[in-house]
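Numbering (our numbering), first residue to last: 162 to 335.
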């Protein structure tokens, strides 16, 4: 993989935005990951790149091969107890200085909506702490309001990089 290659995890509404960003960012992202077949189809139609129909928990990619990971409104669907291992996995995938972005709905706790989707809400401080503990260097933490008209939602955003290589299980670095 080239230094600029990236992986995108995002909700369906951000697929079109990711396609726009792809042109602006000289090819980022190269792979989208979608667990739901309908979202995978939408991503394939609009993003024009490889789409993997899987969950992050089941995804295995080469270590130190990716320049960036965009995880917009996606990791919040993991159980809070599963976030640290998912974040460590993402950190392993990134090259040195690889960029990582994620966001969570503002709040504290876990819930399941009427359709059965799980949500883990985090405070800004907690989102930053969990990302940092996974091996990332934090660059920015900020709050934003939802960009969807009529929706009132505060999002906690995290921008980080991988600057050091933590031990990778199964290698000489353990």
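From the three backbone atoms N, C-alpha and C, an ideal C-beta is built for every residue, glycine too.
Open item on the list: With a threshold of 6 angstroms on Cβ separation, who are the neighbours of residue 307 within its own chain once the five nearest residues in sequence on each side are excluded?
Closed with: Locating residue 307 in the chain shown gives position 146, counting from the first residue. Excluding five sequence positions before and after residue 307, the CB atoms of its chain that fall closer than 6 angstroms to its own CB belong to 314, given in chain order.
Task: Simplified DSSP state of residue 277, which is helix, strand or coil - done: One-based indexing of the chain shown puts residue 277 at position 116. Looking at residue 277 - three-state DSSP - the assignment turns out to be coil, as it is neither helix nor strand.
TODO: Give me the Cα-Cα distance between residue 277 and residue 206, rounded to the nearest whole angstrom.
DONE: Along the chain shown, one-based indexing puts residue 277 at 116. Along the chain shown, one-based indexing puts residue 206 at 45. Annotation: residue 277 to residue 206 spans about 26 angstroms, alpha carbon to alpha carbon.
TODO: With a 10 Å radius around its C-beta and 16 neighbouring C-beta atoms as the bar for buried, classify residue 303 as buried or exposed.
DONE: Residue 303 sits at position 142 when you count from the first residue of the chain shown. Exposed.
Task: N- and C-terminal bounds of the beta strand (DSSP E) containing residue 283 - done: Locating residue 283 in the chain shown gives position 122, counting from the first residue. Run containing residue 283: none; DSSP gives neither H nor E here.
- [ ] Pick helix, strand or coil for residue 290, following the three-state DSSP scheme.
- [x] In the chain shown, residue 290 corresponds to position 129, counting from 1. In the structure shown, residue 290 sits in a helix (DSSP, three-state: H, G or I).
Open item on the list: Can you tell me whether residue 192 is helix, strand or coil according to DSSP?
Closed with: Along the chain shown, one-based indexing puts residue 192 at 31. In the structure shown, residue 192 falls within a strand segment according to DSSP collapsed to helix, strand and coil.
TODO: Would you mind working out which of 270, 229, 281, 254 sits nearest residue 261, comparing C-alpha positions?
DONE: Locating residue 261 in the chain shown gives position 100, counting from the first residue. Relative to residue 261, the option among 270, 229, 281, 254 whose CA is nearest is 229.
TODO: Could you tell me the distance, in whole angstroms, from the CA atom of residue 281 to the CA atom of residue 237?
DONE: For this step, residue 281 is matched to residue 120 along the chain shown. For this step, residue 237 is matched to residue 76 along the chain shown. Taking the Cα positions, residue 281 is about 5 angstroms away from residue 237.
Task: Straight-line Cα distance separating residue 214 from residue 202 - done: If you number the chain shown from 1, residue 202 lands on position 41. If you number the chain shown from 1, residue 214 lands on position 53. A straight line joining the alpha-carbon of residue 202 with that of residue 214 spans about 9 angstroms.
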